[in-house]
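Here's the structure, in structure tokens; my notes come after.
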Amino acid sequence: MLTKFEVKVLNLTKKIPKGKVTTYKEIAKALNTKAYRAVGTALKKNPYAKVPCHRVINSNGKVGSYKGKPNSKEKIRLLKKEGIEMKNNKINLKKFTFSFS
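Using the numbering used here, you'd call the opening residue of the sequence shown number 8 and step up by one each time.
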């Protein structure tokens, strides 16, 4: 069973459009918390296929984990399929970031 916090994280994540990414930190800020790791834990527990967890990345532009696996090839494949470009295993945050504000 998901906590209220985890449900809020997943609901925000559903708002990230195809071709855009956001960071664990941005989701935490949108929830008025600094619990960046808790955001990652909530995404790891995501039971819903319609929640695009692959669109959430590290604040430094690196892909981060997906389904508990660091630097997941599946996550990279999904992002590239949506048109997200990577250079040196990093995503250009200025070009591809979605902001909740």
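Just so it is clear, CB atoms sit at the ideal spot from N, CA and C, and this is done for glycine as well.
Practice problem: Would you kindly work out how many angstroms separate the C-alpha atoms of Cys-60 and Val-16, rounded to a whole number? | Solution: 10 angstroms
Quiz item: Between Thr-104 and Thr-29, is the Cβ-Cβ spacing less than 8 angstroms?
Solution: yes
Quiz item: On the three-state DSSP scale, how would you describe Ile-64?
Solution: strand
Quiz item: Are there 16 or more other CB atoms within 10 angstroms of the CB of Ala-49, so buried, or fewer, so exposed?
Solution: buried
Quiz item: Nearest-angstrom Cα distance between Ile-83 and Leu-38?
Solution: 26 angstroms
Quiz item: When burial is assigned at 16 or more other CB atoms within 10 Å of the CB, is Glu-33 buried or exposed?
Solution: Buried.
Self-check item: C-alpha gap between Phe-12 and Tyr-55, whole angstroms
Solution: C-alpha separation (whole angstroms): 16 angstroms.
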